[in-house]
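For the sequence shown, this note's numbering assigns the number 1 to the initial residue and increments by one for each residue that follows.
Positions of the beta carbon are idealized from the N, C-alpha and C atoms, including for glycine.
Just so we're clear, the structure is a prediction, and the values are computed from it rather than from any experiment.
Remarks on the structure that follows.
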Amino acid sequence: MNITRQNEKAKAYLQGTCPSTVRILLRVAWLGFIAVSLIAGCATARETPPPKFELSQAKLDGQDVDVGYFKDFRRVQQAAPDLCWAACLEQALAIQGVDTDQRRILEKVYSQADAKADRTINEFWWRQLLSITEERLSNGSKVWVRLDIDGVSRGPILLTSTLRRKINRELNNFRIPIVGISTERGVGHMVTVIGFAKPIEVKRVTKHDDIVGFLIYDPLTAKPRLVSAEELFKIFKSLVYVTIYDSAMGAATAESSTTLWIY
Numbered sequence: 001m002n003i004t005r006q007n008e009k010a011k012a013y014l015q016g017t018c019p020s021t022v023r024i025l026l027r028v029a030w031l032g033f034i035a036v037s038l039i040a041g042c043a044t045a046r047e048t049p050p051p052k053f054e055l056s057q058a059k060l061d062g063q064d065v066d067v068g069y070f071k072d073f074r075r076v077q078q079a080a081p082d083l084c085w086a087a088c089l090e091q092a093l094a095i096q097g098v099d100t101d102q103r104r105i106l107e108k109v110y111s112q113a114d115a116k117a118d119r120t121i122n123e124f125w126w127r128q129l130l131s132i133t134e135e136r137l138s139n140g141s142k143v144w145v146r147l148d149i150d151g152v153s154r155g156p157i158l159l160t161s162t163l164r165r166k167i168n169r170e171l172n173n174f175r176i177p178i179v180g181i182s183t184e185r186g187v188g189h190m191v192t193v194i195g196f197a198k199p200i201e202v203k204r205v206t207k208h209d210d211i212v213g214f215l216i217y218d219p220l221t222a223k224p225r226l227v228s229a230e231e232l233f234k235i236f237k238s239l240v241y242v243t244i245y246d247s248a249m250g251a252a253t254a255e256s257s258t259t260l261w262i263y
């Protein structure tokens, strides 16, 4: 990730056992030199410990890479063919401690939208009904969730390096971004990004370009897949940031948030 200095606390977050569902990760590797820097103006004042990361080694396009990924990400499978967006949102919220699931997410949209429509979601309903919502954490605390869509009406993301930087920023802030993609059949789909890959010879990530790939999670197959940054850019359509706040005002203004940083 975008790492600028050693952080002893972060070392405690990095564990060494790879979950069995991540078939592409070949063996666990402890990388003591990796540290995760926390950005000073974080999105919420809650004293919630950041998610833990695991590290392993794999190959990406024939190159040996180190893969860092969220240890405790929720392994969500979409409940129906048209619910990839709800499954991705559940996973992105769960990593930040929000107590919700696909059913409750659906109720927020289809209790108000046309009940006869299919359950896919377009940009209009996403912005109207899910841009800011009230949720609760697992401990009962009330929070507000803000969703920002990038790469569509806010302007296209034209470079692989821009996409890489924006995804890396979210991971560096312990958030799972959602990526809209186009499948081989030309059908729209949504996946999440749960990790990153860097060349094994890069001992310390100091710039975004050190990230050569991402570990994406497909809710249709309920499996992760390692892809290069270039491969993801080719199928990329939109990027959704999921950020939680302690107040409605904070969510409305994006106050003290890194979500709207411009690169």
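State the start and end residues of the unbroken beta strand (DSSP E) segment that holds residue i.
i, result
"T136", "Thr is not the amino acid found at residue 136; the sequence shown has Arg there. Where R136 is concerned, the enclosing beta strand (DSSP E) stretches over I132 to R136."
"Y180", "According to the sequence provided, residue 180 is Gly. The question's Tyr does not apply to it. Taken as a continuous stretch (DSSP letters only), the beta strand (DSSP E) holding G180 covers I178 to S182."
Take residue i and list the residues in its own chain whose beta-carbon comes closer than 7 Å to its own, dropping the five residues that flank it on each side.
i, result
"P199", "Q63, V65 and V212"
"D101", "E90"
"D99", "R136, L137 and S138"
"K108", "L129, L130 and T133"
Since residue i sits in a beta bridge, which residues does DSSP pair it with?
i, result
"D64", "K59"
"L239", "D150 and V179"
"G213", "A197 and S228"
"F70", "F53"
"K142", "R136"
"I244", "V145"
Taking the alpha-carbon of residue i as reference, which of the options has the nearest alpha-carbon?
i, options, result
"R119", "V143, Q128 and A86", "A86"
"R185", "N168, I235 and G155", "I235"
"S238", "E230, P224, A92 and P177", "P177"
"L226", "A252, I244, E107 and V191", "V191"
"E135", "V179, K71, E107 and V145", "V145"
"Q96", "T253, I244, A251 and A254", "I244"
"D210", "P156, V67 and K223", "V67"
"I105", "E54, T133 and Y217", "T133"
"D82", "D61, A254, Y241 and L220", "L220"
"I181", "F70, E231, K203 and L171", "E231"
"T206", "A229, I194, V179 and N172", "N172"
"I194", "T183, K203 and E170", "E170"
"L343", "A254, L130, F53 and E201", "The chain is shown from 1 up to 263; residue 343 falls before or after that span and cannot be answered."
"L159", "A229, A252 and A254", "A229"
"I121", "K71, P156, C88 and A197", "C88"
"V179", "A80, L215 and E201", "L215"
"Q78", "P156, R103 and Q57", "R103"
"P156", "A197, V187, E201 and F233", "F233"
"W126", "S141, G140 and D150", "D150"
What first and last residue would you give for the alpha helix (DSSP H) that runs through residue i?
i, result
"A197", "Here A197 belongs to no alpha helix (DSSP H); instead the beta strand (DSSP E) covers G188 to P199."
"L106", "Q102 to Y110"
"G250", "A248 to T253"
In this structure, does DSSP put residue i in helix, strand or coil?
i, result
"G97", "coil"
"R225", "strand"
"L295", "The requested residue 295 is not part of the displayed model; the chain covers only 1 to 263."
"L163", "helix"
"K234", "helix"
"D218", "strand"
"L158", "coil"
"R75", "coil"
"N173", "coil"
"S37", "Below a pLDDT of 50, predicted positions are generally treated as unreliable, and S37, at 32, falls in that range; no measurement from the model is reported."
"L129", "helix"
"A80", "coil"
If you drop the 5 nearest sequence neighbours on each side, which residues of the same chain put their C-beta closer than 6 Å to that of residue i?
i, result
"F174", "P50 and P51"
"H189", "C84, I181 and T183"
Give every residue of the same chain whose Cβ lies closer than 8 Å to the Cβ of residue i, excluding the five residues on either side of it in the sequence, and list them in chain order.
i, result
"H208", "N2, S161, R164, R165 and N168"
"A248", "I132, E134 and W144"
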